[in-house]
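Chemist: Before we start, here is the structure in question, set down as structure tokens.
Residue numbers (my numbering): 1 to 201.
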């Protein structure tokens, strides 16, 4: 951490922020669990000292031209832990087996799920996630991240009940073609939809 009144290359926020850093290249490496939890505790300590909340904590990449803290840094989990003081206190020193969970094939009654998960991680996992999985050390947090990437890449074809009637009505009227109800829409596609509505289709 640089001084208490100087951030770390944070664009226009160097004089009104705190910069906290952990050594490592987390675009390439996986963060050590013990180091990660100690880092969480240090950030919590600073938050308590300065009256900050989790919403006041940003990544270096949010305020500067950098990939820091790296694509392998468990940002979502980090934000959850700094927002929940009691969780961090119980695991900050020496996490036990229950606190540090790993995805291992032998831990699950996989049935056909193992092959499906492996298909997802082979297609959507990065090199570090693949290596961690093969070594039996992929954390549950990172496994869920891999599944999330798979879900975003291939959204469900099931129309949510809240939108089902409207979806069916607009499909019958030719506004939509009835395919891919949960996929995002581009501006170009949106322009076509608006034009169809204006033309009374």
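Virtual Cβ for every residue (Gly too), placed ideally from N, Cα, C.
Treat the numbers as computed from the prediction; the structure is a model and nothing was measured.
Between residue 150 and residue 23, what straight-line distance do the alpha-carbon atoms span, to the nearest angstrom?
Modeler: So the two alpha carbons sit approximately 30 Å from each other.
Chemist: Can you give the Cα-Cα distance for residue 176 and residue 192, rounded to whole angstroms?
Modeler: Each residue's alpha carbon lies about 10 Å from the other.
Chemist: By alpha-carbon positions, which one of 37, 157, 27, 183 ends up nearest to residue 73?
Modeler: Minimum Cα distance to residue 73 is reached at 27.
Chemist: At the level of alpha carbons, what is the spacing between residue 64 and residue 171?
Modeler: Those two C-alpha atoms are separated by around 44 Å.
Chemist: Flag this pair as touching only if the region 41-52 and the region 152-159 have three or more C-beta atom pairs under 8 Å; answer yes or no.
Modeler: The answer is no - the region 152-159 does not touch the region 41-52, with fewer than three Cβ pairs under 8 Å.
Chemist: If I measure Cβ to Cβ from residue 53 and keep anything under 8 Å in the same chain, skipping five residues before and after, which residues do I get?
Modeler: Here the set comprises 47, 83.
Chemist: Within the continuous alpha helix (DSSP H) that includes residue 47, where are the two ends?
Modeler: Counting along the chain, the alpha helix (DSSP H) containing residue 47 begins and ends at 33-50.
Chemist: For residue 126 and residue 143, what's the separation of their Cα atoms in angstroms?
Modeler: Between residue 126 and residue 143, the C-alpha separation is close to 11 Å.
Chemist: Going by DSSP in three states, residue 55 sits in which element: helix, strand or coil?
Modeler: Correct three-state label for residue 55: helix.
Chemist: Between residue 80 and residue 68, what straight-line distance do the alpha-carbon atoms span, to the nearest angstrom?
Modeler: In a straight line, the C-alpha of residue 80 is about 19 Å away from that of residue 68.
Chemist: Going by other Cβ atoms of all chains shown within 10 Å of its Cβ, with 16 needed for buried, is residue 58 buried or exposed?
Modeler: By the neighbour-count rule (16 or more Cβ atoms within 10 Å), residue 58 is not buried but exposed.
Chemist: According to DSSP, is residue 71 part of a helix, a strand, or is it coil?
Modeler: Correct three-state label for residue 71: coil.
Chemist: Since residue 115 and residue 121 should fall inside the 8 Å C-beta cutoff, what is the C-beta to C-beta distance between them, to a whole number of angstroms?
Modeler: Contact flag wrong, Cβ pair sits at about 11 Å.
Chemist: Can you give me the C-alpha to C-alpha distance between residue 195 and residue 30, rounded to a whole angstrom?
Modeler: Their Cα atoms are separated by approximately 49 Å.
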